[in-house]
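Novice: Counted from 1, the sequence shown has number 47 at position 47 by UniProt numbering; the numbering is strictly sequential.
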Amino acid sequence: MTLSNQRKFRLLAAALIMALLLAGCGGKDDGSKQGGDSAADAVKTMSWSKMPEMTIDLDKTYKAKFRTSKGDFTVLLFADEAPVTVNNFVFLAREGFYEGLTFHRIIEKFMIQSGDPQGNGTGTPGYSIPDELDTDRKYEEGIVAMANLSKPNSGGSQFFICTGEDAENLNREPNYTIFGKVESGMDIVMEIAKTPVKDNKPSERVIIESIAIAES
Numbered sequence: 001m002t003l004s005n006q007r008k009f010r011l012l013a014a015a016l017i018m019a020l021l022l023a024g025c026g027g028k029d030d031g032s033k034q035g036g037d038s039a040a041d042a043v044k045t046m047s048w049s050k051m052p053e054m055t056i057d058l059d060k061t062y063k064a065k066f067r068t069s070k071g072d073f074t075v076l077l078f079a080d081e082a083p084v085t086v087n088n089f090v091f092l093a094r095e096g097f098y099e100g101l102t103f104h105r106i107i108e109k110f111m112i113q114s115g116d117p118q119g120n121g122t123g124t125p126g127y128s129i130p131d132e133l134d135t136d137r138k139y140e141e142g143i144v145a146m147a148n149l150s151k152p153n154s155g156g157s158q159f160f161i162c163t164g165e166d167a168e169n170l171n172r173e174p175n176y177t178i179f180g181k182v183e184s185g186m187d188i189v190m191e192i193a194k195t196p197v198k199d200n201k202p203s204e205r206v207i208i209e210s211i212a213i214a215e216s
């Protein structure tokens, strides 16, 4: 084989190896991407035609222990002040409704919001519950309240946790049922609140892995 032919052979072999490597990388990337998209686009289908019957004991204390992809925190639920809302939240948590849902709305100095099976602010559990607004409590850091569809008695499963001074503006027109407050792990809540946001959406998926209800 002449020197010229040897050079051509080496170039051809190198090109063939590079093509095989690129094909392998491309196949792997495509497979991983498809799997990730399928998981991200999955929508929960748990739904009910009416709100749950009252099952909580108003003489007991209820706490919600959140396990998230960022860490754990605990919320003391105000069962005696917002019994319908707490009963609804306890029901959904025990049914596993919140497992796998994201904090789909994050505004660092305001709040973090979750509880939407659609992940875009429009999801519900199939029903709505009445507002419970007769309280002396104020919206402040650590307070947990129901989100709604911008009209009375339209809450369902979505809730938010106040994370900064901007939440205090809600006190001018308190339209969101307050039903709990973070008792421990507020540092985790604040870490979630610092999640970068792009185009009004968190750039990182922060997931509720589970919510365990403790009663005493």
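Quick reminder that beta carbons are idealized off the backbone N, C-alpha and C, glycines included.
Is the beta carbon of K63 less than 8 Å from the beta carbon of D72?
Specialist: No, the pair does not count as a contact, with Cβ atoms beyond the cut-off.
Novice: Nearest-angstrom Cα distance between G35 and G100?
Specialist: Unreliable placement is indicated for G35, whose pLDDT of 32 sits below 50; no coordinate value is reported for it.
Novice: Please identify the residue among H104, I213, M46 and L92 whose C-alpha is closest to the C-alpha of V200.
Specialist: For the sequence presented, residue 200 should be read as Asn rather than Val. For N200, the nearest C-alpha among the options comes from H104.
Novice: Quick check on the DSSP output: what are the complete beta strand (DSSP E) runs of length 3 or more inside the UniProt domain "PPIase cyclophilin-type" (71-213), in order along the chain?
Specialist: Listed in chain order, they are 71-77, 105-107, 111-114, 143-146, 159-162 and 178-184.
Novice: Taking C-beta to C-beta, are G180 and L58 nearer than 8 Å?
Specialist: No, Cβ-Cβ distance for G180 and L58 is not below 8 Å.
Novice: Tell me the DSSP secondary structure of T68 in three-state form.
Specialist: Correct three-state label for T68: strand.
Novice: Have a look at Y139 and N175 and give me their C-alpha separation to the nearest angstrom.
Specialist: Taking the straight line from one Cα to the other gives about 11 Å.
Novice: What whole-angstrom Cβ distance do I178 and A145 have, given they're in contact under 8 Å?
Specialist: That belief holds up - the Cβ atoms of I178 and A145 are roughly 5 Å apart, short of 8 Å.
Novice: Could you tell me the distance, in whole angstroms, from the CA atom of I106 to the CA atom of E209?
Specialist: Taking the straight line joining both Cα atoms gives about 18 Å.
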